[in-house]
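> Submitted below is the structure of interest, expressed as structure tokens.
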Amino acid sequence: MVEKISETRKSFDEALSKVTNPQSLEELRLKFLSKKGIVNQLFEDFKLTSKEEKKLIGQILNDLKTYTQSKFNEFIQKLEKEYTVKKAASIDLTLPGKQKEIGSKHIITQTLDEIKNIFKGLGFSIYEGPELESDYNNFEALNFPTDHPARDMQDTFFINQNFLLRTHTSPVQIRLMKEKKPPIRAIMPGKVFRNEAVSAKSYCLFHQVEGLYVDTDVTFAELKGTLVAFIKQYFGSEIKYRFRASFFPFTEPSAEMDIWWQPKGKEGRWMEILGCGMVDPNVLINVGIDPEKYVGYAFGMGIERTTMRKYGIDDIRLLFDSDIRFLKQF
Ligand code: DAH
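Positions 745 to 1074 (my numbering) are the ones given, in order, by the sequence shown.
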């Protein structure tokens, strides 16, 4: 048996020296090192030897096992090393590298971030509501009675009789006032939906930022002051503005704010940027806030049109097309 062991060692060495490809390496492994390979077979034979023989053979048999296994491992390591070196050598360092495009925030997201930051600086917190809204929150609680013509101001995507895609961010005011006790001072950004024909000027989806301040002594003068502070930070301190009386069911009195817009080389004109007013007492009653004790102001602005003006974009669809060539510019 001793002889058999030393022969196995020799034939293993010889076979290993002849290995030239993965296939012959695998053949060698199967022949010598696998479960049914020669080495294991020798261990089977070993079981049948006498006690005295065992003492002698045990050691050299174990040596054979360690030897063959470690030679095999060494060989594989050497192969791996050679492979990495070869691979590295085949890289042409003079070739131009592959450029990875770095993404950036969508221009609307950038605008929203900017608006949020300005209002944060003015003491407003940020609150969000769902895009799928109840008819009650979107209209009823905001003092749009059923069948009231004011509902036609906003073409609605109805889901069923009671649910719809919100047509403005004003229902978030309702959620906020139901959830928190005054004083409340927050802005509510988000997407809104209107069932309008898509064109360069209008889209079925856009963004609004709603604002609300409810406390014991809120005045219309404060509302104006806050909005003026906002547009001066957003458009620059030179911006010209005006307030016009208007109508919204959920505010009384109501107003709209215009800014004077004059693109380079073009004629200037007034451009409406937001609606605002003092929260109608009916709305406060609907959310369980006592209108004898509390007053509030609210405002709401569309984001797309102001963004378009600011950057000279003439088609609203560009903001929703995800065309990289357009978006890259910002
Ligand atoms: N929700 C109105 C709209 O979408 C905008 C608006 C006007 C919001 C006056 C207000 C407000 O909070 O006070 O046309």
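All C-beta atoms, glycine included, are put in the ideal place defined by N, C-alpha and C. Values in this document were obtained by computation on a predicted structure and should not be read as measured data.
Which parts of the segment 850 to 929 are runs of the beta strand (DSSP E), unbroken and 3 residues or longer, counting only runs that do not cross its ends?
Correct list: 876 to 878, 907 to 909.
> When you compare the CB positions of isoleucine 851 and phenylalanine 974, do they come within less than 8 angstroms of one another, or not?
Going by C-beta atoms, isoleucine 851 is not nearer than 8 angstroms to phenylalanine 974.
> Does the distance from the CB of arginine 938 to the CB of asparagine 881 come in under 8 angstroms?
No, the pair does not count as a contact, with Cβ atoms beyond the cut-off.
> Classify serine 914: buried if its beta carbon has 16 or more other beta carbons within 10 angstroms, exposed otherwise.
That one is buried.
> Bridge partners of glutamate 954, per DSSP?
Note: glutamate 954 sits in a beta bridge opposite Met932, Gly1044.
> Compute the distance between the beta-carbons of glutamate 877 and leucine 908, then report whether it is under 8 angstroms.
Cβ atoms of glutamate 877 and leucine 908: closer than 8 angstroms.
> Quick check: the segment 923 to 934 against the segment 945 to 953, are at least 3 beta-carbon pairs closer than 8 angstroms?
The segment 945 to 953, when compared against the segment 923 to 934, does touch it at the 8 angstroms Cβ threshold.
> If you run the structure through DSSP and keep just helix, strand and coil, what is alanine 999?
The answer is strand: DSSP assigns alanine 999 an E or B state.
> What do you reckon, is the C-beta of alanine 885 under 7 angstroms from a heavy atom of the ligand DAH?
Checking the Cβ of alanine 885 against the ligand DAH gives no.
> Do you know offhand how far arginine 1013's Cα is from arginine 988's?
About 15 angstroms.
> Per DSSP, serine 990 forms a beta bridge with which residues?
DSSP, once it has assigned bridges, lists Ser998 as partnering serine 990.
> Figure out for me which residue from Lys925, Leu856, Glu796, Glu751 has the closest Cα to the Cα of isoleucine 782.
Ranking Lys925, Leu856, Glu796, Glu751 by Cα distance to isoleucine 782 puts Glu751 first.
> Would you mind listing the alpha helix (DSSP H) stretches within the segment 758 to 790 that are 4+ residues and don't spill past its ends, in chain order?
If we require 4 residues or more, the alpha helix (DSSP H) runs fully inside the segment 758 to 790 come out as 766 to 772.
> From what residue to what residue does the alpha helix (DSSP H) around valine 972 run?
Per DSSP, valine 972 belongs to the alpha helix (DSSP H) from 964 to 979.
> Which of helix, strand or coil does DSSP assign to tyrosine 811?
Correct three-state label for tyrosine 811: helix.
> So, at 7 angstroms on beta carbons, what are the nonlocal neighbours of aspartate 789 in its own chain, with the 5 sequence-adjacent residues on each side left out?
Closer than 7 angstroms at the Cβ level, and outside the excluded window around aspartate 789, lie Met745.
> Just the C-alpha distance for threonine 1050 and glutamate 845, rounded to the nearest angstrom, thanks.
For threonine 1050 and glutamate 845, the distance between alpha carbons rounds to 28 angstroms.
> How many angstroms separate the CA atom of serine 834 from the CA atom of glutamate 824?
Answer to the nearest angstrom: the Cα atoms are 15 angstroms apart.
> Are any of the Cβ atoms in chain B nearer than 8 angstroms to that of serine 755?
Considering every chain present, this structure includes no chain B. It has just one protein chain.
> Using C-beta distances below 7 angstroms, list every residue in its chain close to proline 1007, excluding the 5 sequence neighbours before and after it, in chain order.
Within the same chain, proline 1007 has close Cβ partners Gly1056.
> Could you tell me whether any non-hydrogen atom of the ligand DAH is closer than 7 angstroms to the CB of glycine 1044?
Yes, the ligand DAH has a heavy atom inside 7 angstroms of this Cβ.
> What number of angstroms, rounded off, separates the C-alpha of glutamate 1016 from the C-alpha of alanine 999?
If I take the Cα positions, the gap works out to 11 angstroms.
> Between Asn1026, Arg1053, Met1052, Ile1047, which lies nearest to glycine 1040 when the distance is taken from Cα to Cα?
Looking at the Cα atoms, Asn1026 is the closest of the given residues.
> Whole angstroms are fine: how far does the CA of glutamine 905 sit from the CA of alanine 944?
If you take the alpha carbons of alanine 944 and glutamine 905, they lie about 31 angstroms apart.
> Leaving out the 5 sequence neighbours to the left and right, which residues in its chain are closer than 8 angstroms to leucine 866 when beta-carbon positions are compared?
Thr970, Ala973, Phe974, listed in sequence order.
> So glycine 1021 packs on glutamate 1048, CB below 8 angstroms; how close in whole Å?
Wrong, their Cβ atoms sit about 22 angstroms apart, outside the cutoff.
> Note down the Cα distance separating aspartate 1059 from isoleucine 1068, rounded to an integer number of angstroms.
Approximately 16 angstroms between the Cα atoms of the pair.
> May I ask which residues mark the beginning and end of the beta strand (DSSP E) holding valine 1023?
Valine 1023 -> beta strand (DSSP E) spans 1013 to 1023.
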